[in-house]
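Below is one structure, written out as structure tokens; the observations come after it.
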Amino acid sequence: GENSAPEFVIHPSYLTVFFLLFSVNLLDSRTVMGDLGWIAYPKNGWEEIGEVDENYAPIHTYQVCKVMEQNQNNWLLTSWISNEGASRIFIELKFTLRDCNSLPGGLGTCKETFNMYYFESDDEDGRNIKENQYIKIDTIAADESFTELDLGDRVMKLNTEVRDVGPLTKKGFYLAFQDVGACIALVSVRVYYKKCPSVIHNLAHFPDTITGGDSSQLLEVSGVCINHSVTEEAPKMHCSAEGEWLVPIGKCLCKAGYEEKNNTCQVCRPGFFKASPHSPSCSKCPPHSYTLDEASTSCLCEEDYFRKESDPPTMACTTPSPVSTVKKGKITKNSISLSWQEPDRPNGIILEYEIKYFEKDQETSYTIIKSKETTITADGLKPGSAYVFQIRARTAAGYGGFSQRFEFETSPLSVAASSDESQIPIIVVSVTVGVILLAVVISFLLSGSCCDHGCGWASSLRAVAYPSLTWRCGYSKAKQDPEEEKMHFHNGHIKLPGVRTYVDPHTYEDPNQAVHEFAKEIEASCITIERVIGAGEFGEVCSGRLKLQGKREFPVAIKTLKVGYTEKQRRDFLGEASIMGQFDHPNIIHLEGVITKSKPVMIVTEYMENGSLDTFLKKNDGQFTVIQLVGMLRGIVSGMKYLSDMGYVHRDLAARNILINSNLVCKVSDFGLSRVLEDDPEAAYTTRGGKIPIRWTAPEAIAFRKFTSASDVWSYGIVMWEVMSYGERPYWEMTNQDVIKAVEEGYRLPSPMDCPAALYQLMLDCWQKDRNSRPKFDEIVSMLDKLIRNPSNLKTLVNASSRASNLLVEHSPIGSSAYRSVGEWLEAIKMGRYTEIFMENGYSSMDAVAQVTLE
89 GENSAPEFVI HPSYLTVFFL LFSVNLLDSR TVMGDLGWIA YPKNGWEEIG EVDENYAPIH
149 TYQVCKVMEQ NQNNWLLTSW ISNEGASRIF IELKFTLRDC NSLPGGLGTC KETFNMYYFE
209 SDDEDGRNIK ENQYIKIDTI AADESFTELD LGDRVMKLNT EVRDVGPLTK KGFYLAFQDV
269 GACIALVSVR VYYKKCPSVI HNLAHFPDTI TGGDSSQLLE VSGVCINHSV TEEAPKMHCS
329 AEGEWLVPIG KCLCKAGYEE KNNTCQVCRP GFFKASPHSP SCSKCPPHSY TLDEASTSCL
389 CEEDYFRKES DPPTMACTTP SPVSTVKKGK ITKNSISLSW QEPDRPNGII LEYEIKYFEK
449 DQETSYTIIK SKETTITADG LKPGSAYVFQ IRARTAAGYG GFSQRFEFET SPLSVAASSD
509 ESQIPIIVVS VTVGVILLAV VISFLLSGSC CDHGCGWASS LRAVAYPSLT WRCGYSKAKQ
569 DPEEEKMHFH NGHIKLPGVR TYVDPHTYED PNQAVHEFAK EIEASCITIE RVIGAGEFGE
629 VCSGRLKLQG KREFPVAIKT LKVGYTEKQR RDFLGEASIM GQFDHPNIIH LEGVITKSKP
689 VMIVTEYMEN GSLDTFLKKN DGQFTVIQLV GMLRGIVSGM KYLSDMGYVH RDLAARNILI
749 NSNLVCKVSD FGLSRVLEDD PEAAYTTRGG KIPIRWTAPE AIAFRKFTSA SDVWSYGIVM
809 WEVMSYGERP YWEMTNQDVI KAVEEGYRLP SPMDCPAALY QLMLDCWQKD RNSRPKFDEI
869 VSMLDKLIRN PSNLKTLVNA SSRASNLLVE HSPIGSSAYR SVGEWLEAIK MGRYTEIFME
929 NGYSSMDAVA QVTLE
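Residues in the sequence shown are numbered from 89 upward in steps of one, following the numbering used here.
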């Protein structure tokens, strides 16, 4: 008969699975109701004593006690026992044995041991063979013997001994017990073998497996994936000689449309889907999509909502934002002005419009203009020519479709003008352009000395050439927009569309000039404040709505300046708007405008529904796929690339300063430089003065205040770690001084749990001590784009044991000074439930933990 159902425990390392021993009886003399069929030789040796237990079941006991006679050789032979395919069997003996000292006159011949033998046979006719053909298993001695006094009190001291035999090569065997002069009673004999029981592990079924014949042998057993599961690496486990399942390899995954629950694959119910076996669980259909079927691998878009074929199934379905009505404005022989209404259902806040136009019948050669307004003027057109225009809007969810085609014609060239008169504008323009180009060349040649030694006479020369421009010295060079190759003359000023260079508002003598140059003034009547959502350094942060003329009302965030402010506080408050207003990128928080002409003074930005990224991730721990997390990281680095290209160094890049909206679009925020260094709760004073957010800051910035785009890259690596660990605090509860010391000694944060190796390697690249060895932001954008296009590269995870080695062995600050107890350390790495296991195995101090090796 078999024991009860097996129980098993999964070891925390997930490397070994232990089961309670599982055995199968081949013989148990206590359970045989009839004759055992054993024989004794000689017949006056072993004697069967027939008794019954309390349930009147027969008890088969054999005894012999020829201690007074010389040269005893009494054999008891069992009947044939089938091994049922087992190559290793175990024999359990229960017996009593009398102490020779309690036998008067028997000390010379009395023994206190007996022998056990076996003989293999394929049939039941091999019992009557010669004694010397039996193989000895062992000499059996008693741990406890009884005396005559014990016998009088009927106190029987029962001994239990177990021996094993193997490997066996035939179908069955016989056992034999030899007495050589002991006083012994054999109470019971149980013969059994061990097996690893049938089990489901990692969604694979492993059958009953009889253990091997060698005591140290591990049998490799292949598992079969259960229903609705598939595998990339064949699942295997190893059956030990003791009947334990050990060392699982590979696993099965619930196929698309099914998720793992209670070690089974359960179907995704209607309204949920699972696109890939590698997705952790069924997900609710994205916004504006549905499924009515079970086991769905994707969701269908609702009517009038769409998703591109290249979009992942996790992306929400959106409606295009077509512009339906376009009106023509002023038309000249070289330009056409247009205006339009915002779409009725824009599917989010419109970030910008894209206008595509081309000369009629010349569709292959077209021009793209982008505008944040609902008006545009296309210039540089041919006189008397027809042009076709199409307009589309972009929100955080992406571009909508282009509108229908609208056709307009420029005014014809006047035929009354004489040829000489027609040449005058060309000459004027040519001369003007020539003068401008000459001055630009001169200014470029003189720019080095200007920036190094003061603007001097060179700036005066530029002022004469360009009285309408404000020239500044000491900023990064301008970049020409590759989509715009010509200069436009607009209202008497030179407009360079491609130049995007950050200008420090602190260089303005009058801060109000910077605010009005870079931020749009909003009428207070356009703002509706709804509720307070937080508190800033200068006042309350509220949510509300903004209604601008010609546009639909939309939600905004509003920062207010508290009553009783000083002039310095007002300058600092509006300084952030002066910085933010220079930026125009989908991954940078967008400034709508400021209110400075009435009180309270306000800064109005777009509203980000999900708040700060670190808080959002903590609230949604483990709820996103790796691709979704990489998408967040891609948005952040795209914004940082834009800032870097403009020559702006953020200096406080951290997940707390990233905002995230309802579409999971991440945007860089917090551009108040004074607050970065003086009022950030994460900042700490350094030896060189000033405050720095230590845990996010590169070593050279801490030591020498060397802030560059390369130090922002270091901070971005920390943000990557925060995102992949769902908002975990970098370096946990280490002090700032411990962090500085550990980083200087080469310590780097270990990989977050279940982090793809490619992402952790990118983090380590960002944390290179030599800032010139760190990747640039544009390189990081390219790396993440490749991972998003090839998600299979995200399947390889950082090895768990390598993480332990990095954390425990290589860097003693974690083990020795950061944590006061093992329990505190385990709680910090989210493994507090294993505290008792560590204590039970002798790891009661952090010094002991620091000695843990990979083995």
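From the three backbone atoms N, C-alpha and C, an ideal C-beta is built for every residue, glycine too.
Since the structure is predicted, the reported quantities are computational estimates derived from the model, not experimental observations.
CB of residue i within 8 Å of CB of residue j, strictly
i, j, result
"K245", "S233", "yes"
"V644", "E680", "yes"
"S634", "V692", "According to the sequence displayed, residue 634 carries Leu and not Ser. For L634 and V692, yes; Cβs fall inside 8 Å."
"T197", "A229", "no"
"M841", "W809", "no"
"L837", "P818", "yes"
"A607", "V682", "yes"
"V140", "C271", "no"
"E332", "C373", "no"
"R877", "F795", "no"
"V811", "A916", "no"
"N351", "L274", "no"
"E135", "Y150", "yes"
"L181", "V277", "yes"
"L426", "T463", "yes"
"V152", "D231", "no"
"V411", "A466", "no"
"F496", "K416", "yes"
"K339", "P323", "yes"
Among the options, the one whose alpha carbon lies nearest that of residue i
i, options, result
"F712", "D702, A322 and S371", "S371"
"W784", "N143, V831, M121 and K755", "V831"
"N751", "M734, D758, K779 and L717", "L717"
"M934", "R908, T616 and V591", "R908"
"L307", "N675, M325, H316 and S317", "M325"
"M696", "K755, S304 and Q849", "K755"
"S732", "G699, H673 and T498", "H673"
"V253", "V287, I179 and P295", "I179"
"L501", "F865, G727, S209 and K470", "K470"
"I177", "S111, I137, S190 and P400", "S111"
"S880", "R859, S861, F865 and A845", "A845"
"K131", "P146, L165 and A145", "L165"
"Y454", "K218, E442 and S384", "E442"
Rounded separation between residue i and residue j - CA only
i, j, result
"I746", "N600", "27 Å"
"A505", "T420", "Because the pLDDT of A505 is 41, which lies under 50, any placement of that residue in the model is unreliable, and the number read from its coordinates should be weighed accordingly. About 16 Å."
"V105", "M204", "Any answer about V105 is weak, because its pLDDT of 39 lies below 50 and its placement is not dependable; what the coordinates show is given next. Those two C-alpha atoms are separated by around 35 Å."
"V620", "I646", "9 Å"
"K857", "P787", "7 Å"
"V120", "F361", "58 Å"
"S314", "D381", "Residue 314 is actually Ile in this sequence, not Ser. Going by the C-alpha atoms only, they are around 22 Å apart."
"H376", "L388", "9 Å"
"E867", "E390", "38 Å"
"L649", "E628", "7 Å"
"G468", "K729", "32 Å"
"H581", "R493", "Residue confidence is low: H581 scores 32 on pLDDT, short of 50, so the model does not pin down where it sits. Its coordinate-derived value is still stated next. Taking the straight line joining both Cα atoms gives about 32 Å."
Those residues which DSSP pairs with residue i across a bridge
i, result
"C153", "C271"
"R251", "I179"
"K458", "E442"
"V950", "Here the chain comprises residues numbered 89 to 943, so residue 950 is not present and cannot be evaluated."
"K324", "S310 and I337"
"G138", "H148"
"V644", "G632 and E694"
"L747", "S700 and K755"
"M204", "D226 and F265"
"I615", "L634"
"Q478", "K444"
"D116", "R278"
"P946", "Because the chain spans 89 through 943 in this model, residue 946 falls outside it and cannot be assessed."
"A128", "L164"
8 Å Cβ cutoff, residue i in contact with chain C
i, result
"V152", "Of the protein chains in the structure, only one exists, and it is not chain C."
Ranges of the beta strand (DSSP E) found wholly within the segment 342 to 371, counting only runs of at least 3: 346 to 349 and 352 to 355
Just list the beta strand (DSSP E) runs in the segment 680 to 729, keeping only unbroken ones of 3 residues or longer that don't cross its boundaries, in chain order. 690 to 694
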